[in-house]
Each structure stands twice: as C-alpha cells, then as structure tokens.
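Some notes on the structure that comes next.
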Amino acid sequence: MEIKIAPSILAADFGRLAEEVSAISEAGCDYVHVDVMDGRFVPNITIGQPVVAALSRVTETPLDVHLMVDAPERYIEQFAAAGADVVTVHVEATTHLHRTLQAIRGAGARAGVSLNPATPLSSIDWVLDDVDLVLLMSVNPGFGGQTFIPSTLPKLRALRELLGEREVEIEVDGGVVVDNIAEVAAAGANVLVSGTGIFGGDDYAATIAEMRCRCAPI
Ligand code: DX5
Ligand code: ZN
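Numbering that gives the first Met the number 0 applies: residue 0 is where the sequence shown begins, and numbers increase by one.
This is the structure in structure tokens:
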C-alpha cells in the first residue's frame, strides 16, 4: 500500500497553528494528524471540534482525527461535520465498538480503530470489515516525544497477516522518526505518524522527503 506521512500537530507551534498546517501541507504530507485528548482517557487535554473546523478551512490535506477520548461515540457527528476525513476511536474507550464504527461511516467519514500497546489484536477480530484504518499505538497515548515501543513491530506484522487482502490502512503513532521509519514501514505500516520527528526540525519538506525515501522498498 502507498506510504503516507502524517505529521502530528501536537508537536506544532499552537500559537501559529494555521501557518504550521499550511507549511506541512506544502511540504508534501498526506494527512494532517490531529490528536484530540480529553484529560480522562489520557492525562492531557488538547483540542476539539472548533479547531478541526478551523483547520479544514486552512488545508486541502485530509484531516486524520485521533480521538483519545472516553465514550467517543458522543462526538462522532461533530467531528465529521467539522471536516474530519478519518475519525479514529480507541477500542479501549468505547463499549459498543461495532456501533461506533458504523456511526463514523454513517456520518460520512472513514472509520479508524486504535489499539494501545498492551491491547491484543484479537479485540478487533470481529470488526475487520467495518474499518478503513487500524492505528497501532507505538507509545502509551497522552504525550508527544516518547520512545517507540519495539514490540509494535511484531504486532504490525501480525496485523498485516490478520487483515489479509482487505484494503485497510495500517497506521503507527508514537516515536516514529527518520531513523526508525524504514523498519516500521517494512513491518507493514503504510501511514506513519510523526510529531516531534517532523516539527522538531526546521525543514519540514526535507524531513518528509527523507522519510519517504527511507520507506521505499530496496
Ligand atoms: C500520542 C499521540 C501521537 C503523538 C506523536 O498520544 O497520539 O500522535 O503526538 O508524537 P511523536 O511523534 O512526537 O511521538
Ligand atoms: Zn495520535
């Protein structure tokens, strides 16, 4: 599957968010990854629907909205209406996962499901035909700038196997940087989220180009 680079705006300068999002779009990213945190499912609080709506007016790049929120089903309509192209919920945060995924598609967005590092793949066994994207967390969610957890690599390979021929994107989020992106892609991920790995440098276009180059099959 085509490699997609998804900068996480959690590491952007929030005081200049519109400029930052324009800059990564012009730098050639494929998704803008938006981390929504509720201070309950994860310790931090970040941003919500009004910011997603504002960003959708600033960029044409698809918005990949990662809800780290308890009972995310309460907000699906609102995020889809705000312009989210992908809405991803955590399997640990929603009791009726199947219904939640259907609600995302029903609201006109693509449906994503995310698993924390300790959550087994078997938790999504019976929704594989109801998702457009599976997001494996490679850090415990809540903060940017953490170190990639190595057990994500065999988990990615197992997920690729589990999905079989399905056209489902595999996204990895947390601690992905230029130096490890090749092995993450080789393990089966096609959507690579990177926050500090992109916004931490000065030349977004060069970093994104280098990431793409490292993911290219040899
Ligand atoms: C973690 C977030 C990630 C994070 C990635 O809770 O979901 O998207 O911002 O940031 P880095 O790439 O800095 O680990
Ligand atoms: Zn994220």
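From the three backbone atoms N, C-alpha and C, an ideal C-beta is built for every residue, glycine too.
All values reported here derive from a predicted model rather than from experimental measurement.
Alpha-carbon spacing of residue i relative to residue j, whole angstroms
| i | j | result |
| --- | --- | --- |
| Ala110 | Leu66 | 12 Å |
| Leu16 | Thr151 | 30 Å |
| Gly173 | Gln48 | 22 Å |
| Ser55 | Ser21 | 11 Å |
| Asp34 | Arg213 | 25 Å |
| Leu120 | His32 | 23 Å |
| Ile103 | Val86 | 7 Å |
| Ala108 | Ile44 | 24 Å |
| Thr93 | Pro71 | 7 Å |
| Ala205 | Val190 | 18 Å |
| Val167 | Arg211 | 20 Å |
| Asp202 | Leu62 | 21 Å |
| Ile180 | Val171 | 10 Å |
| Leu100 | Ala26 | 32 Å |
Beta carbon of residue i nearer than 9 Å to that of residue j
| i | j | result |
| --- | --- | --- |
| Glu91 | Thr118 | yes |
| Val112 | His89 | yes |
| Ala10 | Ile197 | yes |
| Asp69 | Asp37 | yes |
| Glu76 | Ala106 | yes |
| Ser193 | Ser7 | yes |
| Arg165 | Asp128 | yes |
| Ile169 | Leu114 | no |
| Met136 | Pro116 | yes |
| Val177 | Val183 | no |
Residue i, buried or exposed, once every other Cβ within 10 Å from all chains shown has been counted against 16
| i | result |
| --- | --- |
| Ser0 | According to the sequence displayed, residue 0 carries Met and not Ser. Met0 comes out exposed. |
| Asn139 | exposed |
| Ile207 | buried |
| Ala79 | buried |
| Asp219 | Here the chain comprises residues numbered 0 to 217, so residue 219 is not present and cannot be evaluated. |
| Ala81 | buried |
| Phe13 | exposed |
| Ile4 | buried |
Three-way DSSP call (helix, strand, coil) for residue i in this model
| i | result |
| --- | --- |
| Ile2 | coil |
| Ser193 | strand |
| Ile180 | helix |
| His95 | coil |
| Asp224 | Nothing can be reported for residue 224, as the shown portion of the chain is limited to 0 through 217. |
| Ile123 | helix |
| Asp128 | helix |
| Ile217 | coil |
| Ile148 | coil |
N-terminal and C-terminal residue of the alpha helix (DSSP H) that residue i is part of
| i | result |
| --- | --- |
| Val20 | 16-25 |
| Ile207 | 203-214 |
| Ile75 | 75-81 |
Limits of the unbroken beta strand (DSSP E) element including residue i
| i | result |
| --- | --- |
| Ser113 | 109-114 |
| Val57 | Where Val57 is concerned, there is no enclosing beta strand (DSSP E), although the alpha helix (DSSP H) it sits in stretches over 48-57. |
| Ile8 | First-last for Ile8: undefined, no H or E at that position. |
| Leu162 | No beta strand (DSSP E) contains Leu162, which is instead part of the alpha helix (DSSP H) from 151-162. |
| Ile169 | 168-172 |
| Asp34 | 31-36 |
| Thr87 | 85-89 |
CB contact check: residue i to chain C, cutoff 9 Å
| i | result |
| --- | --- |
| Met67 | In summary, chain C is missing from the structure at hand, where a single protein chain is found. |
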